[in-house]
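Novice: Residue numbers for the sequence shown follow the numbering used here, so the first one is 12 and each next one is one higher. Shown below is the structure under consideration.
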Amino acid sequence: MDKTFRIALSLFLIPGMIGSLFGCSSKEAAGPKSPSDQANVREYKGGPAELVVLDYSTGTTEEQFQKFFVEPVKAKFPEINLVQTKDSLEKLMTAGSFPDIILVSNVSLINILDMAIPEDLTKMIETYNINLGQIEPAAVQQTKKLGDQKAFYGMPFAMNYGALVYNKDIFDKFGVAYPKDVMTYEEALELGKKLTRSDGGTDYIGIMPPDLRQMYWQYGVPVFDRASGKAVLTTDRHAKVFSLLQQFYSVPGYVEKGKFRHSTDVFFKDQRMAMYTGWIAAAVLYFNKAGSSDLFKWDLAAHPGYSDRPGFGKEVDYHMAVVNKESKYKEAAYMVLTTLLSEEVQTKMSKAGRVSVLKNDEIRKAFGSDSDLFKGKNLQAIFKVNPSPLPDASKYDPKINAIVNGDVSQDVAVKGVDINTALRNGEEKANKEMTIQ
């Protein structure tokens with residue numbers, strides 16, 4: 012595998028030229044310019060500028076920074092220099108040396124908001140005539156939600172996407188038909204039942220579903236109620252999601268010696284799990300960890316979804332560029348953002364293994380083409396569902412989710428406690444710990 016591609020995908024964890032990202036008049040529509048050219052319609056007049064860029068939580072390597080940020084920006088705007096700092100945000104703030112642009116995941120934006128750093132990009136979007144309709148809707152909606160529908164605090168530039176990876180060898184061994192491109196959790200569960208068995212001294216597991224926390228996220232169920240200021244785990248919707256997950260735990264042979272959440276090594280290394288659900292970038296990381304993507308025959312399908320929410324897969328996850336509202340070089344920062352959104356840069360990212368934030372079929376078809384990792388794979392299947400919107404988040408979520416994934420899940424999966432009792436106990440424990448804090 013190409014080294015550049017491997018690094019790009021590995022660190023992505025921790026995602027026809029149809030229409031233009033940038034709006035144009037009806038006259039321009041007859042002969043549209045590329046988004047890069049349209050970004051230059053408004054001439055940059057900010058003069059020489061050196062912008063400090065901090066990667067807070069997107070895993071952008073030095074090589075990626077040069078290829079996707081420095082080089083394309085320098086080609087369009089020679090006066091703009093970008094420097095990637097290695098210092099932490101806390102260290103920079105203590106020293107009074109604030110970064111001009113911060114690269115952050117949507118789930119981490121709340122930390123940046125707490126520090127009152129982001130510039131509201133609403134006016135910038137209007138000034139530069141950026142068409143948000145060409146960006147993944149789930150990312151746009153989530154960004155607006157994070158700004159309480161009043162502000163747009165970061166520009167999405169790369170996605171991650173959920174996927175179901177399956178071991179064709181196991182399906183062939185037991186004569187079971189491969190997964191459909193799009194399945195509900197119930198359909199995935201039925202497949203998993205057929206493949207959870209013991210054969211020749213080897214215990215096979217049909218499917219590893221997401222953990223309870225992630226299933227709540229995908230269903231849009233919060234674990235904290237802002238109005239009451241308390242944890243909430245005992246609604247009918249919480250119980251409905253957990254009862255579905257419990258059906259996976261209940262398949263004979265799924266729980267092994269008290270273990271109800273299996274290591275990814277069971278799929279990628281041990282090769283005794285038929286289906287793995289997770290992130291497409293994570294899948295590549297694990298193949299690399301196992302030493303090769305050719306250890307067994309595998310392919311892809313869309314991430315499973317809920318039967319009452321057709322067309323939606325794993326929760327939305329993306330990376331965004333945040334402009335510091337105190338930056339002296341805001342105009343230059345805006346030029347960086349428009350360049351990141353250009354079809355040229357988005358195509359380069361897609362080829363290198365970062366899912367484009369643009370809803371552009373041609374760019375997404377180019378995903379991973381810098382390597383032969385996906386050669387012959389049903390890669391486009393993962394895009395047949397849309398990312399699920401996330402529920403409201405709070406600073407208490409990590410503590411509550413730890414209890415959900417720990418005590419609550421173990422009580423039901425291993426100890427046989429009924430769901431309502433387990434959820435009530437978890438809710439009480441979470442509220443008690445929050446009160447102590």
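Just so it is clear, CB atoms sit at the ideal spot from N, CA and C, and this is done for glycine as well.
When the Cβ atoms of the region 192 to 208 are set against those of the region 378 to 397, are three or more pairs found closer than 8 Å?
Specialist: In short, these stretches touch, since the Cβ pair count reaches three.
Novice: If you drop the 5 nearest sequence neighbours on each side, which residues of the same chain put their C-beta closer than 7 Å to that of Y297?
Specialist: So the qualifying residues of the chain are T275, F279.
Novice: Name the one or two DSSP bridge partners that Y329 has.
Specialist: According to DSSP, Y329 bridges with M170.
Novice: To which residues of the same chain is N436 closer than 6 Å at the C-beta, ignoring the five residues directly before and after it?
Specialist: Here the set comprises nothing.
Novice: For the 8 Å Cβ check, are there 3 or more pairs between the region 56 to 68 and the region 91 to 110?
Specialist: Contact holds: three or more Cβ-Cβ distances are below 8 Å.
Novice: So is K102 buried or exposed if we call it buried at 16+ other beta carbons inside 10 Å?
Specialist: Classification of K102: exposed, given that the 10 Å Cβ count is below 16.
Novice: Only counting the same chain, and skipping five residues up and downstream in sequence, which positions put a Cβ closer than 8 Å to that of W290?
Specialist: For W290, where only same-chain residues beyond five positions count, the Cβ hits under 8 Å are L24, N171, Y172, G173, A174, K325, D328.
Novice: Three-state secondary structure (DSSP) at R272?
Specialist: It is coil, neither helix nor strand.
Novice: Can you tell me which of G186, D429, G316 puts its alpha carbon nearest to the alpha carbon of W228?
Specialist: For the residues G186, D429, G316, the minimum Cα distance to W228 belongs to G316.
Novice: Within 8 Å, do at least three Cβ pairs link the region 420 to 429 to the region 232 to 241?
Specialist: At 8 Å Cβ cutoff, the stretches do not touch.
Novice: Judging by CA-CA distance, which residue of N122, T72, N92 is the nearest neighbour of D111?
Specialist: Answer by Cα proximity: N92.
Novice: By a C-beta neighbour count over all protein chains shown, 10 Å radius and 16 as the cutoff for buried, is P220 buried or exposed?
Specialist: Result: buried.
Novice: Tell me which residues share the same chain as L348 and place their Cβ nearer than 6 Å to its Cβ, disregarding the 5 neighbours each side in the sequence.
Specialist: Cβ neighbours of L348 beyond the five flanking positions: M166, A332.
Novice: Taking just the CA atoms, how far does P409 sit from G387?
Specialist: So the alpha carbons of these two residues sit roughly 39 Å apart.
Novice: What residue does the beta strand (DSSP E) around N92 start on, and which one ends it?
Specialist: Where N92 is concerned, the enclosing beta strand (DSSP E) stretches over 91 to 96.
Novice: Could you check where the alpha helix (DSSP H) with A344 kicks off and where it finishes?
Specialist: 341 to 351 is the extent of the alpha helix (DSSP H) around A344.
Novice: Would you tell me roughly how many angstroms separate the C-alpha atoms of T213 and E355, rounded to the nearest one?
Specialist: Rounded to whole angstroms, T213 to E355 spans 49 Å at the Cα level.
Novice: May I ask which residues mark the beginning and end of the beta strand (DSSP E) holding A208?
Specialist: A small correction: the amino acid at residue 208 is Arg; Ala does not occupy that position in the sequence shown. Here the beta strand (DSSP E) through R208 covers 208 to 210.
Novice: Leaving out the 5 sequence neighbours to the left and right, which residues in its chain are closer than 8 Å to N442 when beta-carbon positions are compared?
Specialist: So the qualifying residues of the chain are K241, A242.
Novice: Within 10 angstroms of the Cβ of A433, are there 16 or more other Cβ atoms? Answer buried if so, exposed if not.
Specialist: Flag for A433 reads buried.
Novice: To the nearest angstrom, how far is it from the Cα of S420 to the Cα of F323?
Specialist: S420 and F323: Cα-Cα distance of roughly 24 Å.
Novice: As a quick exercise: from A127, A250, V366, pick the residue whose alpha carbon is nearest that of A293.
Specialist: Comparing Cα positions, the closest option is V366.
Novice: If you count every other CB in all the chains shown that lies within 10 Å of the CB of F235, and 16 or more means buried, which is it?
Specialist: Buried, because 16 or more other Cβ atoms sit within 10 Å of the Cβ of F235.
Novice: Which word fits F163, buried or exposed, when buried means at least 16 other C-beta atoms lie within 10 angstroms of its C-beta?
Specialist: Its Cβ being crowded by 16 or more others within 10 Å, F163 is buried.
Novice: Can you give me the C-alpha to C-alpha distance between K362 and P129, rounded to a whole angstrom?
Specialist: Approximately 30 Å between the Cα atoms of the pair.
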